[in-house]
Amino acid sequence: MTSAPNVVLKARGIRKVFKTGDTELEILHGVDLDLVAGERLALMGPSGAGKSTLLHVLGLLERPTEGTVDVDGRDAWSLTTLERAALRNRHLGFVFQFYHLVAELDAVENVMLPAMIAQSSSEFRRSKAAHLKKARDLLASFGLSERMKHRPTQLSGGERQRVALARALFLDPPLLIADEPTGNLDRDTGEKVLELLFRAQAERSLSLLLVTHDERLAERCGRVLRMEAGRIVGGKLEPTAIAR
Amino acid sequence: MYRVFLSWRFLRRRRTNLIGVFGIFLAVGALILILSIMTGFLEETRRSARGSLSDLILKVPPSEGARRPSDPGPILAAIRADPRVEGASAHLGWMCILTRQDARSIGILTDSQFGEIAGIKLTGVDAIEEQSSTEFLESLDRAGRDKDGKIESPRVRVADLANPFAAPPEYDASVGRPRASVVVGEKVMAYHQLRRGSFITLMTAVPDSTSDTGWSAKKREFVVAGTFRSGENELDLERVYIDREQLARFLAGASEDDPVPSDAILFSEVLVKLKDYAGEAELVREELGASLYKAGLIDESCSLRTWEEFRGTLLGAIENERVLMGIMLSLILVVAGFTIFAILSMMVTEKRRDIGILTALGATPNGVLALFLLIGFWDALIGAISGAVIGTWMAIKIDPFERWLSETFGVQIFNRDVYLFDSIPSVVTPLAVGLIVLGAFVCTLVFAAIPAWRAARLDPVEALRND
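Protein chains in written order, with my numbering: chain A, 612 to 855; chain B, 435 to 901.
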């Protein structure tokens, strides 16, 4: 199955059924979704609508019961575990509500983590200086010049989320997946993080898939899809040309 | 890259891991130390057990009806004719009761607390030929020396090593009829407070067809010519050497100056020393036994065994103890491994979120498995290597360490009088150290594999929901 050249994410007929004993619970009922390069897409819906499950399926973290997810023109769920892990590493960047930084690493090391996973020890050693410079530049551009050697417990919520954003951007993935990125921050701090997120998305022409409850935040995205009971019930299904 | 980096970082930043490292360190160190000491004991015991025996021992139980020669001469000649034999000597062994008293009081036999009577093994030897087959001469020369080899008690030593059964200089012939001399074990000497020139009384029973009981009692006084130190506690505590012909006279009831009676029992065993024990012992034993039997010099009642077979029970017991100790101490390794299991299991539970994020960032399940296995590997590496170094060092330095402990705490940990070793015997075997370290690695990795496998199977979505 091939996708149009500018489509970075294409999902077709995504169904997800959870089994608990003899009981089957269908969370996603055949969702279709396309995301083109540079597009901002907000996914909205009430709790239990299936947004997070869809996000996990599209983020290649959860296998759908049925349907296909094409990333970089490849049917991700037909790949081997190793190939799919590499696809996640190179093509997807994640930003979570609770930051999910590794407590034992400082800010720079957390940011470099995707490169550590991508490369062998010798490869990483050879390019360590370049990685360090890139990580420091990223953190500096996010206003964290004084926080490079701080560990997550020594950072505020906003700073942690900025480190998480830098980590998501470190390998320049074409697609950024953000799950309630400001959900755990106060309004002002959240706003600053969003500014950084949108700025980075625009500067790098990334595709952004954003799950949020915040209407105002959704309005800042080029396209909004609304979910209810595992189905997309509103919004424009066709991708929009680069919306900024 | 992340597996090595993160595993090392997790190990360093989490102090609980040190418990696991310490457990492995302790287990490996203790195993090496104890096994080295047990190996040392085994080797020391083998050495001392061999010192009192020759390579082969031919047991020839005295028997009235036997058609084999009663004189050891033909057997010794046949054995010495074998080119693989270095020397051979005949022994006559007899159980006796030793006392310093004249033994006329019945009290010494009825009082169980009476300390001046002891059962001993009286061994008749030919002093000259004995030197060709056992360490008899060496054991005489060791007597009265300190641990540095200097003679500190000359008055317990045999005056003339070349003629150990000669009357000692302290013996005054005018005090009575001439007496035969004996050489007593160092412990016998000390226990009965004997010195060179002391008199002892030996009592025993010999077969007597003219007696109603079939036995008749023999009692004779002897003079102590000196002492010997075999290094084997049991021997030094129970053995008394005497000239073989004098023992034959004593048992036959003949006087010390009489000719040996023709019906006297002359020998009960022959000790054979080989030129190449390690390479030929079994072959020579079989062939020599067969040729002696074929020549009619021994019969079915006789047995020819190697010294290791002869001391098999003792050596087997020590070896068994060593193996048993090894197995029991290996349990410490299992406990250490279980500690690693518990710590890593706890870590996997605590690190669920990190496992989820690593997966989201591109880590594979095998990568996560390797990450947690590596933590176990670092535990094993640090614990086993440091344990091996410290354990080996302590095994090498066990003696000064034991002395320091004894002096510091005022408790004698190793009683040198009991074991007759001047120092705690300790032999560090590189192979054993290697196997212990390898065992620590295998044990740790096996125990680490269980939580590591659980981490690898974690659903990343579930892990990321862990808030």
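Glycine is no exception: its CB is placed at the ideal position from the N, C-alpha and C atoms.
Predicted, not measured: the structure shown is a model, and the values here were computed from it.
The alpha helix (DSSP H) spanning residue i covers which residue range?
| i | result |
| --- | --- |
| residue 575 of chain B | 570 to 576 |
| residue 513 of chain B | 507 to 514 |
| residue 705 of chain A | No alpha helix (DSSP H) holds residue 705 of chain A; the beta strand (DSSP E) holding it covers 703 to 706. |
| residue 446 of chain B | 436 to 447 |
| residue 742 of chain A | 739 to 752 |
| residue 752 of chain B | 746 to 784 |
| residue 820 of chain B | 799 to 830 |
| residue 873 of chain B | 864 to 890 |
| residue 809 of chain A | 798 to 815 |
| residue 858 of chain A | With chain A represented from 612 up to 855, any question about residue 858 of chain A goes unanswered, as that position is not in the structure. |
| residue 700 of chain B | Here residue 700 of chain B belongs to no alpha helix (DSSP H), and DSSP marks it neither H nor E. |
| residue 726 of chain B | 711 to 728 |
| residue 712 of chain A | Looking at the DSSP string, residue 712 of chain A is not in any alpha helix (DSSP H), and its letter there is neither H nor E. |
| residue 795 of chain B | Element bounds for residue 795 of chain B: n/a, residue is neither H nor E. |
| residue 895 of chain B | 894 to 898 |
Quick one: which chain B residues come within Cβ less than 7 Å of residue i?
| i | result |
| --- | --- |
| residue 696 of chain A | 796, 797, 798 |
| residue 693 of chain A | 798 |
Please report the residue range of the beta strand (DSSP E) in which residue i lies.
| i | result |
| --- | --- |
| residue 640 of chain B | 633 to 641 |
| residue 530 of chain B | 519 to 533 |
| residue 634 of chain A | 634 to 647 |
| residue 788 of chain A | 786 to 790 |
| residue 663 of chain A | Note, residue 663 of chain A: premise wrong, no beta strand (DSSP E); alpha helix (DSSP H) at 662 to 669. |
Name the chain B residues whose beta carbon is nearer than 9 Å to that of residue i?
| i | result |
| --- | --- |
| residue 672 of chain A | 790, 793, 794, 893, 894, 895, 898 |
Count the other CB atoms within 10 Å of the CB of residue i; is the residue buried (16 or more) or exposed (fewer)?
| i | result |
| --- | --- |
| residue 648 of chain B | exposed |
| residue 778 of chain A | buried |
| residue 657 of chain A | exposed |
| residue 662 of chain A | buried |
| residue 855 of chain A | In this prediction, residue 855 of chain A scores a pLDDT of 40, lower than 50, which makes its location untrustworthy; the coordinate-derived value is nonetheless stated afterwards. Exposed is the call here. |
| residue 659 of chain A | exposed |
| residue 621 of chain B | buried |
| residue 810 of chain A | exposed |
| residue 871 of chain B | buried |
| residue 444 of chain B | buried |
| residue 454 of chain B | buried |
| residue 677 of chain B | buried |
| residue 813 of chain B | buried |
| residue 762 of chain B | exposed |
| residue 897 of chain B | buried |
| residue 680 of chain B | buried |
| residue 776 of chain A | buried |
| residue 446 of chain B | exposed |
| residue 411 of chain B | Limits of chain B in this structure are 435 at one end and 901 at the other, which puts residue 411 of chain B out of reach. |
Starting from the beta carbon of residue i, find every residue of chain A whose beta carbon is closer than 9 Å, and list them in chain order.
| i | result |
| --- | --- |
| residue 391 of chain B | Lying outside 435 to 901, the shown extent of chain B, residue 391 of chain B is not represented and no answer is given. |
| residue 481 of chain B | Near residue 481 of chain B there are no residues of chain A at all, since even the closest Cβ is about 52 Å away, more than 9 Å. |
What are the residues that DSSP puts in a beta bridge with residue i?
| i | result |
| --- | --- |
| residue 675 of chain B | B/557, B/617 |
| residue 679 of chain A | A/623 |
| residue 846 of chain A | A/836 |
| residue 649 of chain B | B/641 |
| residue 706 of chain B | B/490, B/522 |
| residue 655 of chain B | B/635 |
| residue 655 of chain A | A/837 |
| residue 740 of chain B | B/490 |
| residue 618 of chain A | A/647 |
| residue 631 of chain A | A/634 |
| residue 585 of chain B | B/579 |
| residue 822 of chain A | A/654, A/790 |
| residue 660 of chain B | B/617 |
| residue 591 of chain B | B/661 |
| residue 552 of chain B | B/532 |
Run down chain A in chain order and give the residues with a C-beta less than 7 Å from the C-beta of residue i.
| i | result |
| --- | --- |
| residue 435 of chain B | 727, 730, 731, 732, 735 |
| residue 447 of chain B | 715 |
| residue 787 of chain B | 711 |
Who are the neighbours of residue i on chain A, taking C-beta pairs under 8 Å?
| i | result |
| --- | --- |
| residue 444 of chain B | 715 |
Give a yes or no on whether 8 Å exceeds the smallest Cβ distance from residue i to chain C.
| i | result |
| --- | --- |
| residue 798 of chain A | Considering every chain present, this structure includes no chain C. Its protein chains are A and B. |
Item to check | Contact set between the stretch 717 to 749 of chain A and chain B, restricted to residues whose Cβ is under 9 Å from the partner | outcome: For the stretch 717 to 749 of chain A, the set of residues with a beta-carbon nearer than 9 Å to any beta-carbon of chain B comprises 720, 724, 725, 726, 727, 728, 729, 730, 731, 732, 733, 734, 735, 736, in chain order.
Item to check | Against chain B: residues of the stretch 705 to 716 of chain A by CB proximity under 7 Å | outcome: Here the close residues are 705, 707, 709, 711, 713, 715, 716.
Checklist entry - Listed in chain order, which residues of the stretch 807 to 825 of chain A have Cβ atoms closer than 7 Å to some Cβ of chain B? => result Flagged: no residues at all.
Item to check | Interface residues of the stretch 651 to 676 of chain A facing chain B [CB-CB below 8 Å] | outcome: Taking 8 Å as the Cβ-Cβ cut-off, the stretch 651 to 676 of chain A approaches chain B at 667, 670, 672, 673, given in chain order.
Checklist entry - When Cβ atoms are compared, which residues of the stretch 617 to 651 of chain A fall closer than 8 Å to chain B? => result Correct list: empty, as no residue qualifies.
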